[in-house]
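Counting from 1, position 54 in the sequence shown corresponds to residue 323 in my numbering; the numbering is continuous, with no gaps.
Positions of the beta carbon are idealized from the N, C-alpha and C atoms, including for glycine.
Since the structure is predicted, the reported quantities are computational estimates derived from the model, not experimental observations.
Encoded as structure tokens, the structure appears first; notes follow it.
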Amino acid sequence: MELNQPVFRCIRSCKVSILTWLLLTLCLPMAKAQTFFDVADSLGVSAIPTSHQYGSGMSFYDFNEDGWDDLSFVMVNDSMVFYINNGGTFEKSPSFIDGPGMNKHLVWVDYDNDGDLDIAVTTFEGRYRLYQNDGNFNFTDVSEQAGLIQANERHYGITFGDYDRDGYLDMYVTVYEQLGTPEQNWTRLNHLYRNNGDGTFTNVTLEAGVGDGIRLSFKGVWMDYDNDGWPDLFVINDRVYKNSLYRNNGDGTFTDVSVEAGVELGGQDPMTATVGDFDNDGDLDIYMTNTNSPFKRGMLLVNNGDGTFSQLAEDYGVDVFGWTWGAVWIDFDNDTDQDLYVAHGHPNLGITNNPNFLLENIDGLFFEEVTEQEMAEPDIKKSYGVARGDFNNDGYYDIAVINRNPDDVQLWQNAGGANHHIKITLTGTASNRMAIGSWIKVFINGNQYTQYTMCGENYISQNSQHHIFGLADAEVVDSVWVEYNRGHIDKYYNLTANQHYYFTEGDTYLASLDVQGSTTMCAGDSVVLHAGNHESYLWNTGDTTQQIVVTQPGNYFAQVTNAFHVQTTTDTVEVILALDPEINFMATHPLCHNDSNGSIALENLMGNAASEVIWSNGMTGVTIDSLPGGVYDYQFVDVNGCSASGSVLLQNPLPLSVQVFTFPETAGDDGGFNLIINGGIPPYNIYLDSVLVQPIMDNLSSGIYHLLVMDANGCSFETELEIGNLVSSENSFAGNWSLFPNPVVSGSALFIRCNTQQIVSLIIVDAKGKQIYRDDKLVLDAGQNQLKVPALAAGIYLVNVWDDGVGMSSQKLIITH
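Okay, structure coming up:
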């Protein structure tokens, strides 16, 4: 095959004009540094399987999930070979599992969703096995307890996908056999195992309708060919047997649509089912290798987007001729389109092999073989399994190849270039943890680039789970959309190039609580928390409703689930129970009767300020003034909306009332007064002609005086008082008598002394002028006479004496306690 033969063939098939071809040719660089170098030997990577003529597979999967792609090689009648990537260098690990028999396919798979990767292996003329990882890379063969058929058949490929979209990976195993009948040799059918989610599987081959008869089946691959979200199954069959495409009905069954889809291609020898979107139209195309028998070449099933495919390998220049096996889509130059690497190996050891093929995708229009230009010392070995990965994390895909004995493995390091990239790794939550069956869509400048995640692809191999998208010269990705197997879509925007992004299902599924009311509640209040529109709800209170009514303080959140079973947790809302206001008031009463100078100031002892205070008199605020006496009701609302009510009494002082009783002057400066003061606010100050005096005075001479009484608030009473003068006539009794003792203790004997014997009238009145005692015929002897009057209460009294009705004289009597 001449180097440019595929280009000429594509130009002819695509009916590109000679002028266009010349322009394209002139634009191609005349010379270019090689891109790929085999570094297996320098890195100490070696594995030579003693396999039969159809070779063995391999995995470029990062099995310890540290972000560095590891290598796993399938061996025959020997322990499997594993290399751990330590930051770009490899260390051979003690083998995790033995490999009795003619082993074919090894895949890393987390079938039990427990967070570590398990291993599945197929054996030709043996059984297929499932090894469970205990989390520390100790593996146990659980094939039998998992429910897998324990039959020795010619098992070949194995692929995992979640066809029923329940979050657990199901398994499909192919059998390369053509003898027997399905009725008598049902173990020779291909087998579909539904994952029960408890570590076991159920064989559902017959009810699902995907046994595919007894055929020479190399490989099955799960792919959503019609973009309906349900993984479909494509099976490649060797020789006379036609390929099969089973459309997923979404109910656990499949419909064989091979004929109408145009994928049968009977009589060919397809060895790989390499799935990718090489033309960047958003659907999945399939490349199949072939033998070099007459009229057999590489095949390219181009997805027409309507449920059908067209075989256009010749049109695109990928109808390579030779014994080809594994193939892998790989954008080796990061120019945004998927290039193609194809392994070549004639099964006859006596026939000289041809190099493997590297075909560069030219804008999705055609492919050009660039093996010699890009591959240093093109490999002339018998190659079978191929897989892509990025062992040095430079953002450019490298290629691993497993060859047939005596040839060792090859690790083709990509030297990279100036183009940018983005690397994406997915983790499922509601979907299977490996996120198998997910669509990754990268948008740049209005263009979409798509990859679909698989587990067990190509020819009995497995690619890295770290997906690289070439960006050409773009430095920012407009958006990335990830549609997971169960239907949830996460969208990310404005992503910087040349970064490795780890996305987890539900990253962009956000939920927040809508608070209806205040999160600071008062006693007896409630607040409504609404979780939004979701499929189901589980509050930390145990409630399962869309909203809850909160009456108690605490932290509240909900775990919500959408229609695709993805869960997220809302933000947490703290509800606080505010203490009701406890009101203390400070009242300043009016100073004097009927004054309007009172005031009230309220204080919330709980410390929260008032937002509103309304008083019964229409006033507002925590302080009101210019108030008369009275009762004032208030409604106090604090900043939390909590309220308290109460009343404050402002006392209206009684009016200052002064009763004045005067006593006339009778014997010289013995006049006086007695004041009875009521109302106002004690203590009182009494001023007589501006001189501070006592309420009882008995040393005044007759005359008119100015009396001022002031209480503690400065309220006053003013009046003029007159002290009279009782002048005794010469013939009167006045001046000829006296009382003693005076003052006298209440209840003690009271005496009157006179100079002559007299019969007089004697009247005693109290300070209010009330008559207390009267005797109109009191006989007084000259000298000392005891008055037989009733016991008098303490106070000031006036004793009036009349003698023969001629004259009257008075004397003040003071009774003390």
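Residue i classed as buried or exposed, judged by whether at least 16 other C-beta atoms fall within 10 angstroms
i            : result
residue 500  : buried
residue 723  : buried
residue 951  : exposed
residue 798  : buried
residue 710  : buried
residue 806  : buried
residue 1039 : exposed
residue 309  : buried
residue 620  : exposed
residue 774  : buried
residue 640  : buried
residue 608  : buried
residue 771  : exposed
residue 766  : buried
Range covered by the beta strand (DSSP E) that runs through residue i
i            : result
residue 580  : 578 to 580
residue 779  : Element bounds for residue 779: n/a, residue is neither H nor E.
residue 723  : Here residue 723 belongs to no beta strand (DSSP E), and DSSP marks it neither H nor E.
residue 836  : 836 to 838
residue 1054 : 1052 to 1056
residue 654  : 652 to 658
residue 554  : 554 to 557
Three-state secondary structure (DSSP) of residue i
i            : result
residue 422  : strand
residue 394  : strand
residue 640  : helix
residue 499  : coil
residue 762  : strand
residue 988  : strand
residue 583  : helix
residue 455  : helix
residue 510  : coil
residue 913  : strand
residue 625  : coil
residue 1043 : strand
residue 432  : coil
Straight-line gap, residue i to residue j (C-alpha atoms, nearest Å)
i            : j            : result
residue 420  : residue 753  : 35 Å
residue 668  : residue 726  : 15 Å
residue 1098 : residue 1046 : Residue 1098 is absent from the structure shown; the chain starts at 270 and stops at 1086.
residue 396  : residue 423  : 8 Å
residue 796  : residue 762  : 36 Å
residue 376  : residue 461  : 16 Å
residue 899  : residue 861  : 13 Å
residue 969  : residue 871  : 52 Å
residue 751  : residue 759  : 5 Å
residue 960  : residue 945  : 18 Å
residue 794  : residue 846  : 9 Å
residue 557  : residue 541  : 5 Å
residue 1037 : residue 930  : 6 Å
residue 358  : residue 312  : 6 Å
Option in the options with minimal Cα separation from residue i
i            : options              : result
residue 745  : 703, 688, 700        : 688
residue 568  : 575, 562, 583, 577   : 583
residue 611  : 604, 585, 638, 602   : 638
residue 1005 : 634, 794, 1070       : 1070
residue 911  : 939, 406, 880, 328   : 880
residue 699  : 713, 678, 801, 830   : 830
residue 822  : 842, 811, 927        : 842
residue 497  : 322, 706, 407, 461   : 706
residue 837  : 819, 800, 768        : 800
residue 596  : 562, 614, 1009, 1068 : 614
residue 720  : 935, 670, 546, 904   : 546
residue 378  : 443, 991, 439, 994   : 439
residue 908  : 374, 606, 472, 791   : 791
residue 1061 : 1035, 1080, 1054     : 1035
residue 735  : 661, 650, 983, 787   : 661
residue 993  : 981, 1016, 942       : 942
residue 448  : 416, 465, 467, 486   : 486
For residue i, the first and last residue of its enclosing alpha helix (DSSP H)
i           : result
residue 679 : Counting along the chain, residue 679 falls outside any alpha helix (DSSP H), though it belongs to the beta strand (DSSP E) covering 679 to 683.
residue 528 : 527 to 530
residue 699 : Careful: residue 699 lies outside any alpha helix (DSSP H) and carries neither H nor E.
residue 856 : Segment 852 to 857 is the beta strand (DSSP E) holding residue 856; no alpha helix (DSSP H) there.
residue 475 : 474 to 477
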